[in-house]
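The next block holds one structure in the form of structure tokens; read it before the comments.
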Amino acid sequence: MKRLPADFLPLAPARRLTVTSADGARLAVQVHGQDGSPTVVLVHGWTLSATAWARVVRRLAPQLRVVVVDQRGHGRSGPVPDGGFTPALLADDLAAVLAATVPSGTRAIVAGHSMGAMALVAFAGRHHDLLLERVAGGLLASTGIEELFDRRAVILRVGGRRRTRATLDAVRASRRVGRAAVTRAALGDPRLLHRAPLPLIRAAIVQLTMPGTATAVERGFCTDLVLACPPRTYQGFAEMLGTLDLTADLPRLDVPVTVLVGTDDRLTPPWHARRIAAALPRPVDLIEVPAAGHMTPLTAPDEVAAAVRGLVDTCLDARGQAVGSGSATPP
Amino acid sequence: MRHVPVIVVGAGFAGIGAAVTLARAGHEVLVLERAERVGGTWRDNHYPGCACDVQSSLYSFSFAPNPSWSRLYSTQPEILAYLEDVVRRFDLDPRIRCGVEVTGADWDETALVWRVETSAGPFTADVLIGATGPLSRPKLPDLPGLESFGGLLMHSARWRDDVDLTGKRVAVVGTGASAIQIVPQVARKAAELIVFQRTPPWITPRGDRPVSQRRRERYARHPVTQKLARGILYTTRELLVLGMVHRPGLMRAVERLALAQLRRQVPDPGLRALLTPNYRAGCKRILPSDDYYPALCQDNVELIPSGVARLDPGAVIAGDGTRREVDAVILATGFEATEIALAHHVRGRDGHLLADVWRAEGMQALRGTTVHGFPNLFLLVGPNTGLGHTSMIHVIESQLAYVRDALDTMRRCGLAALEPTDHAQRAWNARLQDRLRGSVWATGGCASWYQDERGRITTLWPGTTLRLRRATRRVDLTEYRVTRRPPGPAVAAVPSPAQVRS
Chain A
4 MKRLPADFLP LAPARRLTVT SADGARLAVQ VHGQDGSPTV VLVHGWTLSA TAWARVVRRL
64 APQLRVVVVD QRGHGRSGPV PDGGFTPALL ADDLAAVLAA TVPSGTRAIV AGHSMGAMAL
124 VAFAGRHHDL LLERVAGGLL ASTGIEELFD RRAVILRVGG RRRTRATLDA VRASRRVGRA
184 AVTRAALGDP RLLHRAPLPL IRAAIVQLTM PGTATAVERG FCTDLVLACP PRTYQGFAEM
244 LGTLDLTADL PRLDVPVTVL VGTDDRLTPP WHARRIAAAL PRPVDLIEVP AAGHMTPLTA
304 PDEVAAAVRG LVDTCLDARG QAVGSGSATP P
Chain B
239 MRHVPVIVVG AGFAGIGAAV TLARAGHEVL VLERAERVGG TWRDNHYPGC ACDVQSSLYS
299 FSFAPNPSWS RLYSTQPEIL AYLEDVVRRF DLDPRIRCGV EVTGADWDET ALVWRVETSA
359 GPFTADVLIG ATGPLSRPKL PDLPGLESFG GLLMHSARWR DDVDLTGKRV AVVGTGASAI
419 QIVPQVARKA AELIVFQRTP PWITPRGDRP VSQRRRERYA RHPVTQKLAR GILYTTRELL
479 VLGMVHRPGL MRAVERLALA QLRRQVPDPG LRALLTPNYR AGCKRILPSD DYYPALCQDN
539 VELIPSGVAR LDPGAVIAGD GTRREVDAVI LATGFEATEI ALAHHVRGRD GHLLADVWRA
599 EGMQALRGTT VHGFPNLFLL VGPNTGLGHT SMIHVIESQL AYVRDALDTM RRCGLAALEP
659 TDHAQRAWNA RLQDRLRGSV WATGGCASWY QDERGRITTL WPGTTLRLRR ATRRVDLTEY
719 RVTRRPPGPA VAAVPSPAQV RS
């Protein structure tokens with residue numbers, strides 16, 4: 004009889020559609036809210052699905068037109084074709100979704116979480132014209148674009164006591180190479196997610212993605228989402244993330260962008276967010292959510308929704324037209 | 239005017255069972271069936287996937303075992319074929335008239351007979367047996383725009399076999415017993431299937447499988463082995479009553495079983511949350527299914543967690559405002575289960591319609607069978623005889639023993655009429671309602687078709703089926719007002735049903 008609190012329940016979208024990407028992958032897309040309102044596009048992270056945005060959608064949908072995507076291989080989208088686990092294809096997916104859901108003549112705010120944010124950066128590099136045509140602003144939540152496995156800040160528990168971050172920093176340099184290799188092997192192996200004893204898997208997922216303050220409901224919801232990910236998708240993107248480097252694409256993301264990160268993020272620690280914010284052509288804000296982990300749309304929906312709303316307010320007028328047309332064009 | 243000693247209305251499981259039981263006891267029976275063939279619920283419901291929720295070895299007459307059930311849970315065509323086979327086996331054809339609809343039945347207090355109006359002319363009968371069942375009248379939701387929808391619109395019990403749903407956008411309204419059988423079938427064909435859910439049902443593993451040829455042969459050669467299987471099924475199912483009636487907390491065990499299956503079959507926590515019931519298992523009917531949840535996870539299937547508010551031309555609009563354009567709407571909205579169809583046609587001693595008598599306080603009877611003010615009327619699957627846990631056939635056979643004993647007693651003692659006293663009926667229902675008070679149906683925290691519009695549970699039997707069997711073993715004449723047959727020639731020149739038929 005224990006049922007999730009209403010806040011976590013996904014709303015029925017106003018419309019569902021299937022978008023076909025450049026390489027033929029089928030993407031399931033939901034549209035919430037009313038046509039004619041400013042559009043927000045939400046792109047989830049690795050091993051998650053549109054369901055991960057449920058709490059954010061509840062906060063945005065009444066006033067905004069919210070488009071939620073299932074990334075390739077995730078949720079209700081089709082399986083990933085062979086060789087389909089590349090940032091370029093994630094960028095193509097986002098391009099196809101924007102072309103299909105953002106009415107021409109209007110521009111949208113694109114909010115990406117983790118791998119969804121990486122898709123936005125890659126999209127800026129690969130489809131720069133479409134970026135300027137359809138995107139008025141972006142949110143990069145809990146993400147990184149390089150050295151993803153090397154910078155992972157695992158909090159080790161020794162004798163039940165948490166080591167301080169300072170101690171960890173000292174050890175880090177010497178251990179980085181070895182740990183990256185271990186992480187790569189472990190995260191890239193679907194056995195970790197699907198063959199190990201369930202309580203162990205759950206503990207590992209919670210340890211990696213959730214802050215110590217997460218409620219049992221949040222922990223359960225998060226681990227369920229991750230466990231729903233097909234092993235093939237899990238492994239394919241793990242390999243992609245291990246070698247990902249989008250530093251060349253970041254300068255081309257020349258629309259107003261807010262960066263958001265949880266201070267307790269162990270998967271993409273604030274180091275990434277600060278680097279990105281520093282390198283962005285048009286940074287709006289760097290929001291560090293105190294005591295939040297990696298799953299910010301799940302555990303910090305108020306802050307994420309507020310960041311999206313802030314971008315809508317600064318970048319779009321009431322009809323979804325970009326404010327000060329042309330201002331997004333690079334000098 | 240033709241006189242028949244016993245008229246049975248309806249040729250479903252109850253009507254056919256009545257014909258067999260009473261004919262064996264030497265009573266002249268005529269069964270009137272409004273449709274062109276027998277079968278009742280199992281004739282009317284022929285939607286794809288239609289099957290029984292109770293294992294067939296249990297969901298069959300004790301006096302007519304069928305060793306050749308092909309599956310543990312038989313599908314509708316097989317159950318219908320079984321009923322037709324029973325008709326053949328017991329040579330009931332001369333006792334059943336199909337295509338005859340009963341349009342009215344009035345008790346004649348002077349002649350002490352039922353005057354039965356039918357589409358085939360008037361009859362008189364000493365005894366009238368209502369076997370129309372609670373699941374015969376489809377319940378159609380009173381939705382605005384139902385007429386203007388324009389597309390295909392059908393109730394699950396009025397399935398149109400000529401319609402092909404391949405490639406169509408289809409809405410299913412409801413998530414009850416019919417819906418969860420329809421959804422997996424339609425999901426295979428439809429381009430889009432949208433399921434509108436007001437309240438999620440508890441769904442337990444069904445574990446359906448074919449019965450092996452070897453086992454069927456063994457059942458045929460040694461009927462006692464099938465009896466044994468039947469006994470085991472009966473006993474395990476009967477255990478559920480403990481939880482349902484006496485200790486609703488015990489239903490948590492069932493919930494754990496159901497939640498484990500939900501977790502296994504629905505990976506997405508969002509969809510899973512929408513499918514998790516928030517009331518005690520058993521409060522609404524527990525539905526066994528292995529393929530409902532997987533169907534909902536298909537790409538072309540969508541669950542809308544809201545009831546339907548109205549229809550527009552070509553679209554369904556949910557209570558939460560969600561709008562879906564569809565080509566066809568399937569109303570899996572169940573039946574008028576808190577009413578008995580016959581009640582709208584039967585007038586008792588005072589000329590009151592049974593439906594009107596019941597309108598005041600909800601339907602009620604003595605021992606689920608007889609009603610004060612309506613002499614010589616016996617209702618099969620009458621008020622408070624329904625079950626949430628096992629086979630209705632057991633109940634029907636219990637009631638038939640009661641009816642048979644009543645008829646035997648009347649014949650033996652020369653009684654013309656039996657009518658339960660108001661006192662006996664009230665006392666019986668007070669006891670029933672008292673026992674229902676603590677049951678999961680009253681305390682489980684849900685609304686269900688077990689309750690009438692006043693929230694009174696008038697459909698279910700609160701106890702084991704053995705208890706009902708004991709309660710209906712013999713007619714207790716102290717509960718009845720009896721009228722002796724007036725002196726004079728006994729029933730003269732009664733045509734046999736065979737003659738009536740010709």
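Line order of the protein sequences matches chains A and B. Anchor point for the first sequence: position 60 equals 63 in my numbering, and the numbering is continuous, going up by one each time. Anchor point for the second sequence: position 161 equals 399 in my numbering, and the numbering is continuous, going up by one each time. Note that CB positions come from ideal geometry on N, CA and C, so glycine has one too. A quick note: this is a predicted structure, and the numbers were derived from the prediction, not measured.
Exercise for the section: Would you mind reading off the limits of the alpha helix (DSSP H) that contains F387 of chain B? Expected result: To locate residue 387 of chain B, count along the second sequence from 1; it is residue 149. No alpha helix (DSSP H) contains F387 of chain B, which DSSP labels as neither H nor E.
Problem - Assigned secondary structure, Q419 of chain B (DSSP; H/G/I helix, E/B strand, else coil) - result: Your numbering for residue 419 of chain B matches position 181 in the second sequence. Q419 of chain B falls in the helix class under three-state DSSP.
Handout entry: Interface flag, G78 of chain A vs chain D, CB-CB below 9 Å
Key = No chain D appears in the structure shown, which is made up of the protein chains A and B.
Exercise for the section: Please classify L466 of chain B: does DSSP put it in a helix, a strand, or coil? Expected result: Residue 466 of chain B sits at position 228 when you count from the first residue of the second sequence. Reduced to three states, the DSSP call for L466 of chain B is helix.
Handout entry: Below-9 Å beta-carbon distance, T299 of chain A vs any chain B residue
Key = As a first step, residue 299 of chain A is located in the first sequence; it is residue number 296 there, counting from the start. No, its Cβ sits nowhere closer than 9 Å to a Cβ of chain B.
Handout entry: Proximity test, Cβ basis, 9 Å: M4 of chain A and chain B
Key = Here the question's residue 4 of chain A lines up with position 1 in the first sequence. The pLDDT assigned to M4 of chain A is 38, lower than 50, so where the model puts this residue is not dependable; a value taken from the coordinates is nonetheless given after this. At least one chain B Cβ lies under 9 Å of M4 of chain A.
Practice task
Give a yes or no on whether the minimum CB-CB distance between D529 of chain B and chain A is below 9 Å.
Solution key: Here residue 529 of chain B refers to the residue found at position 291 when the second sequence is read from its first residue. Answer no: the Cβ-Cβ gap between D529 of chain B and chain A never drops below 9 Å.
Handout entry: Close Cβ partners of G405 of chain B (< 8 Å) along its chain, the five nearest in sequence each way excluded
Key = One-based indexing of the second sequence puts residue 405 of chain B at position 167. Closer than 8 Å at the Cβ level, and outside the excluded window around G405 of chain B, lie K427, A428 and A429.
Exercise for the section: Would you mind sorting G620 of chain B into buried or exposed? The rule is 16 or more other CB atoms within 10 Å of its CB. Expected result: As a working note, residue 620 of chain B is residue 382 in the second sequence. Buried: at least 16 other Cβ atoms inside 10 Å.
Practice task
Taking only the alpha-carbon atoms, compute the straight-line gap between V276 of chain B and F251 of chain B and give it to the nearest angstrom.
Solution key: Here residue 276 of chain B refers to the residue found at position 38 when the second sequence is read from its first residue. Here residue 251 of chain B refers to the residue found at position 13 when the second sequence is read from its first residue. Between V276 of chain B and F251 of chain B, the C-alpha separation is close to 9 Å.
Practice task
Could you work out which residues of chain A lie near L500 of chain B, taking near to mean beta carbons separated by less than 9 Å?
Solution key: Your numbering for residue 500 of chain B matches position 262 in the second sequence. Result: empty, since nearest Cβ-Cβ is about 11 Å, beyond 9 Å.
Practice task
Can you check DSSP and say which residues form a bridge with E563 of chain B?
Solution key: Numbered from 1 along the second sequence, position 325 holds the residue referred to as residue 563 of chain B. Its beta-bridge partners are B:A553.
Practice task
Verify whether the separation of the beta carbon atoms of G239 of chain A and G87 of chain A is less than 9 Å.
Solution key: Position 236 of the first sequence, counted from the start, is the residue given in the question as residue 239 of chain A. Position 84 of the first sequence, counted from the start, is the residue given in the question as residue 87 of chain A. The answer is yes: Cβ separation under 9 Å.
Problem - Boundaries (first-last residue) of the beta strand (DSSP E) holding Y718 of chain B - result: Mapped onto the second sequence, residue 718 of chain B falls at position 480. Residues Y718 to R722.
Handout entry: Chain-ordered neighbours of A57 of chain A on chain B, where CB pairs are closer than 7 Å
Key = The residue you call residue 57 of chain A lines up with position 54 of the first sequence. Going along chain B in sequence order, the residues near A57 of chain A (Cβ under 7 Å) are G508.
Problem - For L143 of chain A and W274 of chain A, the rounded distance between their alpha carbons - result: Within the first sequence, numbered from 1, the residue matching residue 274 of chain A stands at position 271. Within the first sequence, numbered from 1, the residue matching residue 143 of chain A stands at position 140. Straight-line Cα distance between these residues: approximately 14 Å.
Problem - Contacting residues, own chain, Cβ-Cβ under 6 Å from I418 of chain B (five flanking each side not counted) - result: Along the second sequence, one-based indexing puts residue 418 of chain B at 180. Hits under 6 Å: L525, S527 and Y530.
Exercise for the section: Please compile the residues from chain B whose C-beta is within a distance smaller than 9 Å of the C-beta of P13 of chain A. Expected result: Counting from one through the first sequence, the residue named residue 13 of chain A turns up at place 10. Ordered by position in chain B, the residues that pass the 9 Å Cβ test against P13 of chain A are D506, G508, L509, A511, L512 and P543.
Practice task
Quick one: residues in its chain with C-beta nearer than 6 Å to the C-beta of Q499 of chain B, no 5 flanking neighbours on either side, listed in chain order?
Solution key: As a working note, residue 499 of chain B is residue 261 in the second sequence. These residues qualify, in order along the chain: P443.
Exercise for the section: Quick one: residues in its chain with C-beta nearer than 8 Å to the C-beta of Q324 of chain A, no 5 flanking neighbours on either side, listed in chain order? Expected result: Reading the first sequence from its first residue, position 321 is the one you call residue 324 of chain A. If we look at Q324 of chain A and ignore the five residues flanking it on each side, its Cβ neighbours are G108, T109 and R110.
Exercise for the section: Please decide whether R561 of chain B counts as near chain A, where near means a Cβ-Cβ distance under 9 Å. Expected result: For this step, residue 561 of chain B is matched to residue 323 along the second sequence. Closer than 9 Å: yes.
Practice task
Going by CA-CA distance only, name the one from B:G624, B:G552 and B:L270 that's closest to E355 of chain B.
Solution key: Here residue 355 of chain B refers to the residue found at position 117 of the second sequence. Residue B:L270 is the option with its Cα nearest to E355 of chain B.
Handout entry: Neighbour-count burial assignment, P438 of chain B, 16 or more Cβ in a 10 Å radius
Key = The residue you call residue 438 of chain B lines up with position 200 of the second sequence. It is buried - the Cβ of P438 of chain B has at least 16 other Cβ atoms within 10 Å.
Practice task
Spell out whether any CB of chain A is found under 9 Å from the CB atom of A425 of chain B.
Solution key: In the second sequence, residue 425 of chain B corresponds to position 187, counting from 1. So no, A425 of chain B is outside the interface.
Problem - Residues bridged to A409 of chain B (per DSSP) - result: Looking up residue 409 of chain B in the second sequence gives position 171. Partner(s): B:I432 and B:V567.
Problem - Neighbourhood of A655 of chain B by C-beta distance below 6 Å, restricted to the same chain and skipping five residues each side - result: The sequence position of residue 655 of chain B within the second sequence is 417, counting from 1. Excluding positions up to five away in sequence, the list reads L350, P613, N614 and T721.
Problem - 9 Å Cβ cut-off: residues of chain A touching A556 of chain B - result: By one-based count along the second sequence, residue 556 of chain B stands at place 318. Ordered by position in chain A, the residues that pass the 9 Å Cβ test against A556 of chain B are A15.
Problem - Alpha-carbon spacing of A122 of chain A relative to L101 of chain A, whole angstroms - result: Translated into the one-based positions of the first sequence, residue 122 of chain A becomes position 119. Translated into the one-based positions of the first sequence, residue 101 of chain A becomes position 98. Rounded to whole angstroms, A122 of chain A to L101 of chain A spans 12 Å at the Cα level.
Problem - Closer than 9 Å to chain A by CB, A455 of chain B - result: For the purposes of this step, residue 455 of chain B is identified with residue 217 of the second sequence, where counting begins at 1. In the sequence as presented, Ala is not what sits at residue 455 of chain B; that position holds Glu. Answer no: the Cβ-Cβ gap between E455 of chain B and chain A never drops below 9 Å.
Problem - F240 of chain A: first and last residue of the uninterrupted alpha helix (DSSP H) it sits in - result: The sequence position of residue 240 of chain A within the first sequence is 237, counting from 1. First-last of the alpha helix (DSSP H) with F240 of chain A: P234 to G245.
Practice task
For D537 of chain B, return the contacting residues in chain A, with the cut-off set at a CB-CB distance below 9 Å.
Solution key: Here residue 537 of chain B is taken as the residue at index 299 of the second sequence, counted from 1. Going along chain A in sequence order, the residues near D537 of chain B (Cβ under 9 Å) are T21, R29, A31, R79, S80 and G81.
Exercise for the section: Would you verify that the beta carbon of F224 of chain A is, or is not, closer than 9 Å to some beta carbon of chain B? Expected result: Position 221 of the first sequence, counted from the first residue, corresponds to residue 224 of chain A. Judged by the 9 Å Cβ criterion, F224 of chain A is in contact with chain B.
Practice task
May I ask you to report which of helix, strand or coil DSSP gives Q689 of chain B?
Solution key: The residue labelled residue 689 of chain B in the question sits at position 451 within the second sequence. Strand.
Exercise for the section: Going by DSSP, name the residue or residues bridged to A325 of chain A. Expected result: Sequence index remark: in the first sequence, residue 325 of chain A carries index 322 (1-based). Beta-bridge pairing links A325 of chain A to A:L319.
Handout entry: Cut-off 8 Å between Cβ atoms - residues of its own chain near L133 of chain A, not counting five sequence neighbours on either side
Key = Here residue 133 of chain A corresponds to residue number 130 of the first sequence, with the count starting at 1. Correct list, in chain order: A98, L101, A102 and F126.
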